[in-house]
Amino acid sequence: MGIIEIEKLPDFIAALQKEYTIYGPVKDENGEVALTEVNTGEDITLDFVNFKLSPKSLFFPQCEVLGTLSRNGIKETPQPEEKFVAFAVRPCDADAIKSINRIFEDETTGYIDPSFAARRQNGVLIALACNEPCTTCFCTSVGSGPSSEKGADILMTRLDNTLLFKACS
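Per our numbering, the sequence shown starts with residue 141, numbered consecutively.
In structure tokens, the structure reads:
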């Protein structure tokens, strides 16, 4: 376990950015929070309920070029190499990505989607526990919870002006 003062969060993000692209909760000009690429740690907000669009797209984009066809045959697209951190995703989203793992990295059938597997291998999920879950949340109904560690590499819990980090994988 580790503790970081929230005022030191920009320094923590800057240290991560030396090796990773950071995607985190950032407010847009309308005050909506979306999971987007973070320029500086000051851009991150921890005061949000959840994202409108799931962080699943970091691992399994809606559109993706798998290869190109020419007279010379099929040329496969190289596997993604970007190392990234999905920062402050909610535990329900981390658990949902774990569920997707069972589909795209199925050891029982031997089917592995190479693009998904590369992104999952290169991606780190830092989940932010929900201190005050919404009345519309249903994570406990599907075996998860506001502070579930399922699918997260690290679970982060906000305690007043500090963040508690717990390694999960």
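From the three backbone atoms N, C-alpha and C, an ideal C-beta is built for every residue, glycine too. Just so you know, these numbers come straight off a predicted model, no measurement behind them.
- With respect to Gly291, Asp235 sits close: the two C-beta atoms are nearer than 8 Å.
- A distance below 6 Å between beta-carbons, with the five flanking residues on each side excluded, links Glu216 to the following residues of its chain, in chain order: Gly207.
- When only Cα atoms are considered, Ile240 and Arg259 end up about 12 Å apart.
- Taking all protein chains in view, the Cβ of Ser210 is surrounded by fewer than 16 other Cβ atoms within 10 Å, so the residue is classified as exposed.
- Taking 8 Å as the cut-off, the beta carbon of Gly164 is found closer than this to the beta carbon of Ala228.
- Per DSSP, the continuous beta strand (DSSP E) segment holding Pro165 begins and ends at Thr161 to Lys167.
- In the three-state scheme derived from DSSP, where H, G and I count as helix and E and B as strand, Ala174 is classed as strand.
- Here the C-alpha atom of Leu156 lies approximately 8 Å from the C-alpha atom of Ile162.
- The alpha carbon of Pro150 has as its nearest neighbour, out of Pro273, Thr185 and Ser281, the alpha carbon of Thr185.
- Taking C-alpha positions only, Gly263 is separated from Asn212 by approximately 34 Å.
- Ile266 counts as buried, since at least 16 other C-beta atoms from the protein chains shown sit within 10 angstroms of its C-beta.
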